[in-house]
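Protein chains: 2
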Amino acid sequence: MSSVKFSYEKLERFCRDAFIKFGFTSEEAAQISDVLLLADLYGVKSHGTQRLVRYHKSIENGCTNPKAKPEIVFETPVSAVIDAHAAMGQLVSIFATNLAIKKAKEVGMAFVSVKNSNHFGIAGYYTKMALDAGMIGIAATNSESIMVHTNSREAVLGSNPIAFAMPAEPYPFWFDAATTVVPKGKLEVYHKADKELSDGWAVDETGAESHDAKRVLGCIDKKLGSGGILPVGGKSEDSGSHKGYGYSMICELLCSITSGGATSNHHVRAKGQPAGTCHSFIVIDPKIFGDPEEIKEHLSVFLEELRSAKRADENVPIYTHGEKEAISYKERMENGIDVDISTVSEMVNICNYLGMDSVQYLGDIDISEAKESTYEVSYKK
Amino acid sequence: MSSVKFSYEKLERFCRDAFIKFGFTSEEAAQISDVLLLADLYGVKSHGTQRLVRYHKSIENGCTNPKAKPEIVFETPVSAVIDAHAAMGQLVSIFATNLAIKKAKEVGMAFVSVKNSNHFGIAGYYTKMALDAGMIGIAATNSESIMVHTNSREAVLGSNPIAFAMPAEPYPFWFDAATTVVPKGKLEVYHKADKELSDGWAVDETGAESHDAKRVLGCIDKKLGSGGILPVGGKSEDSGSHKGYGYSMICELLCSITSGGATSNHHVRAKGQPAGTCHSFIVIDPKIFGDPEEIKEHLSVFLEELRSAKRADENVPIYTHGEKEAISYKERMENGIDVDISTVSEMVNICNYLGMDSVQYLGDIDISEAKESTYEVSYKK
Chain Z
614 MSSVKFSYEK LERFCRDAFI KFGFTSEEAA QISDVLLLAD LYGVKSHGTQ
664 RLVRYHKSIE NGCTNPKAKP EIVFETPVSA VIDAHAAMGQ LVSIFATNLA
714 IKKAKEVGMA FVSVKNSNHF GIAGYYTKMA LDAGMIGIAA TNSESIMVHT
764 NSREAVLGSN PIAFAMPAEP YPFWFDAATT VVPKGKLEVY HKADKELSDG
814 WAVDETGAES HDAKRVLGCI DKKLGSGGIL PVGGKSEDSG SHKGYGYSMI
864 CELLCSITSG GATSNHHVRA KGQPAGTCHS FIVIDPKIFG DPEEIKEHLS
914 VFLEELRSAK RADENVPIYT HGEKEAISYK ERMENGIDVD ISTVSEMVNI
964 CNYLGMDSVQ YLGDIDISEA KESTYEVSYK K
Chain H
614 MSSVKFSYEK LERFCRDAFI KFGFTSEEAA QISDVLLLAD LYGVKSHGTQ
664 RLVRYHKSIE NGCTNPKAKP EIVFETPVSA VIDAHAAMGQ LVSIFATNLA
714 IKKAKEVGMA FVSVKNSNHF GIAGYYTKMA LDAGMIGIAA TNSESIMVHT
764 NSREAVLGSN PIAFAMPAEP YPFWFDAATT VVPKGKLEVY HKADKELSDG
814 WAVDETGAES HDAKRVLGCI DKKLGSGGIL PVGGKSEDSG SHKGYGYSMI
864 CELLCSITSG GATSNHHVRA KGQPAGTCHS FIVIDPKIFG DPEEIKEHLS
914 VFLEELRSAK RADENVPIYT HGEKEAISYK ERMENGIDVD ISTVSEMVNI
964 CNYLGMDSVQ YLGDIDISEA KESTYEVSYK K
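Residue numbers (the numbering used here), protein chains in the order written: chain Z, 614 to 994; chain H, 614 to 994.
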């Protein structure tokens, strides 16, 4: 697929102004844009500008409320439970993370969970906020149910990513991954490319393993009640299915159970109704273990040992988590961010919808090659 | 392999008296036995009486010091770092978990990490301690390096299990799993049975995937510097290798980095020297999120939804984590615990070594079918 390269500044101006037009304050719009664009800068394309169309639909359909303000409904010195009241996930999550950082600075560690929210972007944005404050960060979220747990054919759990970050040099440890073996976006890519799914990725509505992306996506999107994506570890306990299922459960417990919110299987996808997404944010000040500089040095040495281990293939480098993202960030800040032509087309649509001059914001781009968005078809007008 | 069924009481008496003879106080011996036997009661055979021979060798060789007392070397109201001084892993871990529970009761949550320790048995014993106090528990440990991380052929990380438990009815959520795709013990079982390893389990010293258990075990035991077991998610990023590698990293960071102890690749296996194992214990009081009874009820409902989801195969039940263990515990407490004849033979050896009357403790058992222990060959006299 062809793509267009934009400078970070150009995309940031477009995103910020679009979210202002959607009804957010300029500070809120800047926060949302920052979360989205960090994903693009880190190379996590699925969670960057590519998601704009989903947020657009969610706001338009009254699932996300731009005027909602998060409310702390329970609080202790080390914790808080927040009701998002259907706010934009990014906004309540930045609020929650800042609260967790403040509490961690005061008491050493803190745990803030959130209910009644919406998609929050990349979990790793919030662990990066902890990193920027010199802290260890953990962030997690549940989602619509797409994961078929071990021996089930019904998707009960979400993609349920867990992110974990800890300061180190020259790159922090920054891990952010869905607990499904692959994200739903990967099935969409395989579908578009007419590629067969790999072994251990998905099951169809009968519970049998499936290599047919279209069929599995149909199960999820049509809410057939059966079929979906497998946990990391695949279908059988032999390959560790119960472990991925367990990590997904840990995510679910941290988010929906501690907040008293909706578990993934009770998320809503209907006009005018909030999704019910739940998040959690844990922040730990390394000072509670001793000298933060010594701890950072210890981790930095260990990460270098991992990177310089003997390679399975001399031509394939060994990475530590967050290294690729740090490299990508620097490169894209300098040289710009590639955006798929289909996403550009969606951005032009957003301009038209919001009464923004797309040529002024994005340039005069030929979008004839763009494919129509297949995402969130139930929301199409 | 044939086995002998013992009552819990009989095994407990044997283990307790053996550890007293090894030099522990009767209270310490009871604690160690409790950890070991919970593994057998839960059906986690690899970590029960089967491990006695390893503890025997470790004490005999001066790696574990029965007289060592754990020392708190750094402390805050929410945290502590403990130097185990080469104590028995179980003892320092019970001490650390009790400290974490005490702190969590006072401030809501607590994080205690431990360095310079030894093998601590099943991680889930310590999360069960948290459960018994009505708390959420997380426990983790690093180990000798056996995991070959993504794109590496060198084992740098350990088996690095993470355990997580939270109160629920009729069974708590109780998850305890190595972040390797399979534990080392599984390779030993396959080796004994002359079975080929499954895809995505292990690589040999060249970095190529291997189905040869003997060859891979040789890599680990002879410390060849290459070859070992893969993370959950297997060998390639396509199947989620980087995710299992990430979970193993989280374990490592929680244990060795926060405690300032030895990372898995710096563990020692030599006479007279402590292993350097590190652990971590996080305890969270559900009261910091609201009413613990409501939270427990919320989780209990969700677990039941998972168990009663549509099955992939009507004849194969869906479990939640900890359910099999709760069933096994009840059954074995009532009907006794099966111990492999080879393990019984090792127990007879321990009796002879310690001057205990094996017939009085274990009965007059024909151990002619027992295989010689292949474990820890470097320690053989």
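Even glycine gets a Cβ: it sits at the ideal position worked out from N, Cα and C.
Cβ-based burial, residue i [other Cβ within 10 Å; buried from 16]
i, result
"Glu-936/Z", "buried"
"Val-816/Z", "buried"
"Ser-991/H", "Confidence at Ser-991/H is low in this model, with a pLDDT of 37, below 50, so the placement of that residue is unreliable and no value is reported for it."
"Gln-886/Z", "exposed"
"Gln-703/Z", "buried"
"Gly-838/Z", "exposed"
"Lys-993/H", "Because the pLDDT of Lys-993/H is 38, which lies under 50, any placement of that residue in the model is unreliable, and the question is left without a value."
"Lys-797/Z", "buried"
"Thr-819/H", "exposed"
"Phe-619/Z", "buried"
"Glu-767/H", "buried"
"Lys-728/Z", "buried"
"Tyr-860/Z", "buried"
"Ala-995/H", "The requested residue 995/H is not part of the displayed model; chain H covers only 614 to 994."
"Cys-891/Z", "buried"
"Asp-745/H", "exposed"
"Asp-926/H", "exposed"
"Lys-848/H", "buried"
"Tyr-932/H", "buried"
"Asn-948/H", "exposed"
Residue i and residue j closer than 8 Å at C-beta
i, j, result
"Leu-770/Z", "Glu-688/Z", "no"
"Pro-690/H", "Lys-715/H", "no"
"His-698/H", "Ala-681/H", "yes"
"Ala-806/H", "Phe-788/H", "no"
"Gly-747/Z", "Pro-905/Z", "yes"
"Trp-814/H", "Ile-842/H", "yes"
"Tyr-974/H", "Arg-626/H", "yes"
"Met-969/H", "Asp-630/H", "yes"
"Met-701/H", "Ile-749/H", "no"
"Gly-737/H", "Pro-679/H", "no"
"Gly-846/Z", "Gly-846/H", "yes"
"Asn-755/H", "Ser-877/H", "yes"
"Leu-624/H", "Arg-945/H", "no"
"Phe-894/Z", "Val-725/Z", "yes"
"Thr-677/H", "Tyr-668/H", "yes"
"Val-881/Z", "Gly-889/Z", "yes"
"Asp-953/H", "Ser-616/H", "yes"
"His-911/Z", "Ile-870/H", "yes"
Distance between residue j and residue i (C-alpha atoms, nearest Å)
i, j, result
"Phe-915/Z", "Ser-854/Z", "29 Å"
"Glu-640/H", "Ala-743/H", "20 Å"
"Ile-672/H", "Phe-632/H", "10 Å"
"Ile-908/H", "Cys-868/Z", "12 Å"
"Ile-863/H", "Gln-644/H", "28 Å"
"Glu-719/H", "Ser-692/Z", "14 Å"
"Ile-978/Z", "Asp-951/Z", "14 Å"
"Thr-793/Z", "Gly-976/Z", "38 Å"
"Val-694/H", "Gly-675/Z", "49 Å"
"Ala-790/H", "Lys-658/H", "14 Å"
"Ala-753/H", "Thr-740/H", "10 Å"
"Arg-924/H", "Gly-857/Z", "18 Å"
"Ala-709/Z", "Ile-685/Z", "9 Å"
"Ser-913/H", "Leu-651/H", "23 Å"
"Arg-664/Z", "Lys-984/Z", "15 Å"
"Ser-852/Z", "Glu-850/H", "15 Å"
"Ala-826/Z", "Lys-836/H", "43 Å"
"Ser-823/Z", "Ser-811/Z", "9 Å"
The ligand COA heavy atom lying under 7 Å from the CB of residue i
i, result
"Phe-894/H", "Among the components of this structure there are no ligands whatsoever, and the ligand COA is therefore not found."
TODO: Could you tell me whether the stretch 798–805 of chain Z touches the stretch 943–960 of chain Z, where touching means 3 or more Cβ pairs closer than 8 Å?
DONE: Contact fails: fewer than three Cβ-Cβ distances are below 8 Å.
Open item on the list: Tell me whether the stretch 759–766 of chain H and the stretch 727–743 of chain H touch, counting them as touching only if at least three CB pairs, one residue from each stretch, are closer than 8 Å.
Closed with: They do not touch, by the three-pair rule.
Open item on the list: If contact is defined by three or more beta carbon pairs under 8 Å, each pair taking one atom from either stretch, is the stretch 926–945 of chain H in contact with the stretch 778–794 of chain H?
Closed with: Touching, yes.
- [ ] Output the residue ranges of the beta strand (DSSP E) runs that lie fully inside the stretch 864–914 of chain Z and measure 3 residues or longer, sorted by chain position.
- [x] DSSP runs (the beta strand (DSSP E)) wholly in the stretch 864–914 of chain Z: 890–897.
TODO: Tell me the start and end of each unbroken beta strand (DSSP E) in the stretch 774–831 of chain H that is at least 3 residues and wholly inside, in chain order.
DONE: DSSP assignment within the stretch 774–831 of chain H yields the following whole beta strand (DSSP E) runs of 3 residues or more, N-terminal first: 775–779 and 786–790.
Open item on the list: For a minimum of 3 consecutive residues, which ranges assigned as the beta strand (DSSP E) are wholly contained in the stretch 664–748 of chain H?
Closed with: For the stretch 664–748 of chain H, the full-length beta strand (DSSP E) segments reaching 3 residues or more read 684–689, 692–696 and 722–730 along the chain.
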